[in-house]
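A.B. asks: Got a structure here, written out as structure tokens. Questions coming.
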Amino acid sequence: MSATTKVAVHSLSDLKNTTDDALPNYLHSLKFKQIHTQTDVRLVLGYSAVAISGALFYFDWKFGWDATKPFTAPAVAAYFILNSIFTYWIWFVEAGCVFEGEGKTGKIRIASRTKKHIPIYYCDVTFTPAPYASNPQQKLRIRAPFTRWFTSDGYFVAKPFQQWLASEVPVVGTADPKNVIEEIGRGSETERAVNVSGNNVIGVLEQLKAGVKPTGGTSKRRKA
Numbered sequence: 017m018s019a020t021t022k023v024a025v026h027s028l029s030d031l032k033n034t035t036d037d038a039l040p041n042y043l044h045s046l047k048f049k050q051i052h053t054q055t056d057v058r059l060v061l062g063y064s065a066v067a068i069s070g071a072l073f074y075f076d077w078k079f080g081w082d083a084t085k086p087f088t089a090p091a092v093a094a095y096f097i098l099n100s101i102f103t104y105w106i107w108f109v110e111a112g113c114v115f116e117g118e119g120k121t122g123k124i125r126i127a128s129r130t131k132k133h134i135p136i137y138y139c140d141v142t143f144t145p146a147p148y149a150s151n152p153q154q155k156l157r158i159r160a161p162f163t164r165w166f167t168s169d170g171y172f173v174a175k176p177f178q179q180w181l182a183s184e185v186p187v188v189g190t191a192d193p194k195n196v197i198e199e200i201g202r203g204s205e206t207e208r209a210v211n212v213s214g215n216n217v218i219g220v221l222e223q224l225k226a227g228v229k230p231t232g233g234t235s236k237r238r239k240a
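Numbering (the working numbering), first residue to last: 17 to 240.
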């Protein structure tokens, strides 16, 4: 698949956001149906807080301070309560969730994150293979360098990203076996793809710009 999206290779947020956008697109192509419950709750909380503040402003402007004074304190309290719940929901319930959905091969939830100045894509994956009655919920923590699916001039290439995800996550690999690469091995990319520390972050970023994929040494990747 050709590269179509160009980003600044030194912008960690651009690299992450572009990858985050590609993840649900890929899973949708595999017939995973996205579950929007968490997003819906977040929208309800956010819009409710905005509606309260907007309504208070309107009635204060329309009827004056004396008429709205008894309602101001309860409205402000309700706004801060909703805003606190909204903040908690984003940080501790959604917790970076990029995709939550269900397909023929099982349920899956993927939350992504990055660490400051480190060009690695981290994913916390929770999945339950079908059939659900005989398969317990499982969790994985996987990661890979952005150099795996971004070119030296900042173009995103979908194929290696799809291969990485299919090879690391069983329910994705089952749904897309043609993209499973045995050499990657589930979890191997997590430990061996890039050796990043405080001493070589700049070097990794320069390799990203130059289009060179860091390997973190000569150790062989282990198979699943």
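Just so it is clear, CB atoms sit at the ideal spot from N, CA and C, and this is done for glycine as well.
Assuming residue 28 and residue 126 form a contact by the criterion Cβ under 8 Å, report the distance between their Cβ atoms to the nearest whole angstrom.
C.D. replies: Wrong, their Cβ atoms sit about 19 Å apart, outside the cutoff.
A.B. asks: Contact defined as beta carbons within less than 8 Å: I believe residue 98 pairs with residue 88. What is the distance between those atoms, to the nearest angstrom?
C.D. replies: Contact flag wrong, Cβ pair sits at about 16 Å.
A.B. asks: On the premise that residue 36 lies in contact with residue 92, defined as a C-beta separation below 8 Å, what is that separation, rounded to the nearest angstrom?
C.D. replies: Contact doesn't hold; Cβ gap of about 35 Å is too wide.
A.B. asks: Leaving out five residues on either side along the sequence, give the residues of the same chain with a beta carbon under 6 Å from the beta carbon of residue 105.
C.D. replies: 58
A.B. asks: Could you say which of 66, 122, 136 and 144 lies nearest to residue 30 if we only look at CA atoms?
C.D. replies: 136
A.B. asks: Tell me whether the stretch 164-174 and the stretch 182-196 touch, counting them as touching only if at least three CB pairs, one residue from each stretch, are closer than 8 Å.
C.D. replies: no
A.B. asks: In chain order, what residues of the same chain have a beta carbon less than 6 Å from the beta carbon of residue 75, not counting five sequence neighbours either side?
C.D. replies: 84
A.B. asks: Considering Cα atoms alone, identify which of 197, 117, 54 and 119 is closest to residue 108.
C.D. replies: Checked all of 197, 117, 54 and 119; the closest Cα to residue 108 is 54.
A.B. asks: From 174, 175, 143 and 165, pick the residue whose C-alpha is nearest to that of residue 188; which is it?
C.D. replies: 143
A.B. asks: Can you tell me whether residue 178 is helix, strand or coil according to DSSP?
C.D. replies: helix
A.B. asks: Residue 153 by DSSP, collapsed to three states: which one?
C.D. replies: coil
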